[in-house]
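Trainee: This is the structure, below, for whatever I ask next.
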Amino acid sequence: MKKPRNREPYNFSRELIDLRKEKVGNVCEVCGSSDRLFGHHLVPYFLARKNPILAPHLLTRMENLQIVCEKCHDKADADQWTWSDIQLAQIAWALFNIDLQITLDGQKKKKRKRRKRHRKGKRKNTESDGT
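First residue of the sequence shown: 371, per our numbering; consecutive thereafter.
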């Protein structure tokens with residue numbers, strides 16, 4: 371499976387991660403292990419960038435943070451590559467109480483802009499090839 375080209379990492383603050391660890395008892399929220407714990411983004415930024423409504427919620431909200439061990443973190447990251455727009459909207463609704471339709475509409479607008487830019491770029495390339 372191909373990874374997105376322009377994946378931008380982002381991190382929660384150390385303070386937020388420590389608060390979450392304390393809240394869950396310093397164990398992996400998936401398997402209960404206490405070895406090598408990480409802060410995991412439930413909705414990764416590279417997916418949320420598709421949606422301008424969802425993106426602002428991701429850096430500061432503990433609802434988007436899960437404490438996981440290395441093994442569970444690797445599995446969770448692998449599973450995220452297969453999420454559809456509808457699944458992303460459902461997750462946004464569950465985590466942030468953002469209306470599903472608003473979330474889906476935001477994604478559609480972003481896609482339309484991208485297509486428009488792509489078509490505009492193609493036109494410029496064909497014009498320059500013809501001269």
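Glycine included, every Cβ here is placed at the ideal spot set by N, Cα and C.
Can you tell me whether Arg377 is helix, strand or coil according to DSSP?
Mentor: On the sequence shown, position 7 is the one that residue 377 refers to. Caution is warranted here: a pLDDT of 44 is assigned to Arg377, below 50, making its placement in the model unreliable, and the coordinate value is therefore given only provisionally. Coil at Arg377, not helix or strand.
Trainee: Quick one: what's got a C-beta closer than 6 Å to Glu385's C-beta in the same chain, skipping five residues either side?
Mentor: Walking along the sequence shown from the start, residue 385 turns up at place 15. Contacts found: none.
Trainee: Comparing C-alpha positions only, which one of Glu433, Val413 and Asp449 sits nearest to Arg390?
Mentor: Position 20 of the sequence shown holds residue 390. The shortest Cα separation from Arg390 among Glu433, Val413 and Asp449 belongs to Glu433.
Trainee: With 16 other CB atoms within 10 Å as the buried threshold, where does Ala459 fall?
Mentor: Translated into positions along the sequence shown, residue 459 becomes position 89. Per the 10 Å Cβ criterion, buried.
Trainee: Would you say the beta carbon of Phe408 comes nearer than 7 Å to a heavy atom of the ligand GDP?
Mentor: Within the structure as shown, the ligand GDP is missing, as the structure has no ligands at all.
Trainee: For Cys439, which three-state DSSP category applies?
Mentor: One-based indexing of the sequence shown puts residue 439 at position 69. Looking at Cys439 - three-state DSSP - the assignment turns out to be strand.
Trainee: Going by beta carbon distance, what residues of the same chain come within less than 7 Å of Ala446, once the five residues before and after it are set aside?
Mentor: Here residue 446 is taken as the residue at index 76 of the sequence shown, counted from 1. Result list for Ala446: His410 and Val438, in chain order.
Trainee: What ranges does the alpha helix (DSSP H) occupy inside the region 399-424, keeping only unbroken runs of at least 4 residues that lie completely in it?
Mentor: DSSP runs (the alpha helix (DSSP H)) wholly in the region 399-424: 415-418.
Trainee: Tell me which residues share the same chain as Leu407 and place their Cβ nearer than 8 Å to its Cβ, disregarding the 5 neighbours each side in the sequence.
Mentor: Counting from one through the sequence shown, the residue named residue 407 turns up at place 37. Correct list, in chain order: Lys391, Asn396, Val397, Cys398, Ile437, Val438 and Cys439.
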